[in-house]
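*Asks:* Numbering (our numbering), first residue to last: 5 to 388.
Ideal Cβ positions, reconstructed from N, Cα and C, are used throughout, including at glycine.
Can you keep this structure in mind? I'll have questions shortly.
Structure, rendered in structure tokens:
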């Protein structure tokens, strides 16, 4: 298979020749020969690559989650590297001055709270206002068939909830751009470069594509990208560790009070589709449990087509509350209910889970609320 940037290369960058190019990307955007998209464009276009733009974690991918980055001059190429996660999160007009076309090539996850979605939206809006063309070079996402979780409540819109779609929305970056252009009414000159030889069934990272590099410090592997939406609640519930700082970030859950064997038996009886749970002892790397050996649980996605990570997260939280008490899950030191609501794009999920009510009505509500989105998504899809 070929990713979008390699399709552009096969076409000898015919859509970029003689045009001043800006690139929204990062060092996780690898090509077939192992170079980054930026390195490929720089050596091919030379003086025509005039500006770079970096999302959260920075163009060079060195910043931690939530850490501001700053605009700088590229140390080798002497062109600006504009930060879109610092003083500004949307390109200012002067950041697009002298640019004819912006190429977007980000390794995304297809999860609403992963901030590359917001950065893509901001770039599309800024380019629409500046009358700059946008070309989105496509890449795989880990769960292209999963549409799961609550729709965004407009009252909870934020940088981690920038668009009216479900928490997990099952669209590649190019498909997402197409959906945005239509659903948000963006008057932007947009074109996309689809992948070749890729289908939605091709969710496993099987080596028949560029190597995988972490798009952010917490997403170290393709497996972490798959389970991210199932465990990201731990950002708001820090009493439950998710392995951040270890090689299994977002693939494990642990707490001093958790008993893995009992938990795995209980959650396995629910027969959650496409995922299994296994006891896994590990040492937590970050506070509040840093340095402690935890009786943890490891998640394994067994069928990406069936896995529903947000439903899984709700089932995990409900099981933890039933086995160990609601207070340990929802009322420990450092809990941030407002951040949980931002991540999920609504307060209804938290309130339902706190009530102890059955989950089926909640999942049915999610499905009803996203019916119109499902129709719009179908119009934006590029692959079967």
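Terminal residues of the continuous alpha helix (DSSP H) containing residue 373?
*Replies:* 364-373
*Asks:* Can you tell me whether residue 40 is buried or exposed? The criterion is at least 16 other CB atoms within 10 Å of its CB, across all chains shown.
*Replies:* It is buried - the Cβ of residue 40 has at least 16 other Cβ atoms within 10 Å.
*Asks:* Label residue 350 either buried or exposed according to how many other C-beta atoms from any shown protein chain fall within 10 Å of its C-beta, with 16 as the threshold for buried.
*Replies:* buried
*Asks:* Using the DSSP secondary-structure output, state which residues sit across from residue 87 in a beta bridge.
*Replies:* 58
*Asks:* Could you please give the first and the last residue of the uninterrupted alpha helix (DSSP H) stretch that includes residue 328?
*Replies:* Annotation for residue 328: the continuous alpha helix (DSSP H) segment containing it runs 313-328.
*Asks:* Threshold first: 4 residues or longer. Then list the alpha helix (DSSP H) segments lying entirely within the segment 57-141, N to C.
*Replies:* 97-100 and 120-134
*Asks:* Just to confirm the assignment: which complete alpha helix (DSSP H) runs, minimum length 4, are found wholly within the segment 207-262?
*Replies:* As for any alpha helix (DSSP H) of minimum length 4 sitting wholly inside the segment 207-262, the runs are 226-235, ordered along the chain.
*Asks:* So what's residue 48 in DSSP terms, helix, strand or just coil?
*Replies:* helix
*Asks:* Short of 7 Å in beta carbon distance, which residues of its chain neighbour residue 42, apart from the five on each side in sequence? Order them along the chain.
*Replies:* 27, 29 and 56
*Asks:* Would DSSP call residue 158 helix, strand or coil?
*Replies:* helix
*Asks:* If you follow the alpha helix (DSSP H) that residue 270 is in, where does it begin and where does it stop?
*Replies:* 264-272
*Asks:* Take residue 125 and list the residues in its own chain whose beta-carbon comes closer than 7 Å to its own, dropping the five residues that flank it on each side.
*Replies:* 166, 167 and 184
*Asks:* Around the C-beta of residue 383, are 16 or more other C-beta atoms found within 10 angstroms, so that it is buried, or is it exposed?
*Replies:* With fewer than 16 Cβ atoms within 10 Å of its Cβ, residue 383 is classed as exposed.
*Asks:* Could you check what DSSP says for residue 148 in three-state terms: helix, strand or coil?
*Replies:* coil
*Asks:* Which residues share a DSSP beta bridge with residue 165?
*Replies:* 162
*Asks:* Tell me which residues share the same chain as residue 228 and place their Cβ nearer than 6 Å to its Cβ, disregarding the 5 neighbours each side in the sequence.
*Replies:* Excluding positions up to five away in sequence, the list reads 253, 254 and 255.
*Asks:* Buried or exposed for residue 265, please, with buried defined as at least 16 other CB atoms from any protein chain shown within 10 angstroms of its CB.
*Replies:* exposed
*Asks:* Give me the DSSP bridge partner(s) of residue 6.
*Replies:* 200
*Asks:* Roughly how many angstroms lie between the CA atoms of residue 326 and residue 290, to the nearest whole one?
*Replies:* 26 Å
*Asks:* Helix, strand or coil for residue 281? Go by DSSP, reduced to three states.
*Replies:* Strand.
*Asks:* Three-state secondary structure (DSSP) at residue 351?
*Replies:* Of the three classes helix, strand and coil, the one that applies to residue 351 here is coil, per DSSP.
*Asks:* How close, in whole Å, do the beta carbons of residue 268 and residue 192 come, if the pair is a contact with beta carbons under 8 Å?
*Replies:* Actually they do not touch by this definition, with Cβ atoms about 48 Å apart.
*Asks:* Between the segment 78-98 and the segment 115-124, are three or more C-beta pairs nearer than 8 Å?
*Replies:* yes
*Asks:* Between residue 188 and residue 261, what straight-line distance do the alpha-carbon atoms span, to the nearest angstrom?
*Replies:* 45 Å
*Asks:* I'd like the span of the alpha helix (DSSP H) that includes residue 180, first residue to last.
*Replies:* 177-187
*Asks:* Using only CA atoms, which one of 278, 319 and 318 lies nearest to residue 304?
*Replies:* 278
*Asks:* Look at the Cβ atom of residue 109, then the Cβ atom of residue 159, and state whether they are nearer than 8 Å.
*Replies:* Not in contact: residue 109 and residue 159 (Cβ atoms no closer than 8 Å).
*Asks:* Of all the options 371, 111 and 239, which has the alpha carbon lying nearest to the alpha carbon of residue 8?
*Replies:* 111
*Asks:* Taking the straight line between their C-alpha atoms, what separation do you get for residue 171 and residue 380?
*Replies:* 16 Å
*Asks:* Residue 300 lies in the beta strand (DSSP E); which residues open and close that run?
*Replies:* Residues 297-305.
*Asks:* For residue 65 and residue 297, I'd like the C-alpha separation in whole angstroms.
*Replies:* Distance between the alpha carbons of residue 65 and residue 297 is about 29 Å.
*Asks:* Cβ of residue 177 within 8 Å of Cβ of residue 32?
*Replies:* no
*Asks:* Going by DSSP, what residues sit across from residue 29 in a beta bridge?
*Replies:* BP columns for residue 29 point to 109.
*Asks:* Compute the Euclidean distance between the alpha carbons of residue 341 and residue 328, then round it to the nearest angstrom.
*Replies:* 19 Å
*Asks:* Count the other C-beta atoms from every protein chain shown that fall within 10 angstroms of the C-beta of residue 145, then say buried if there are 16 or more, exposed otherwise.
*Replies:* buried
*Asks:* What does DSSP give as the partner residues of residue 34 in its beta bridges?
*Replies:* 40
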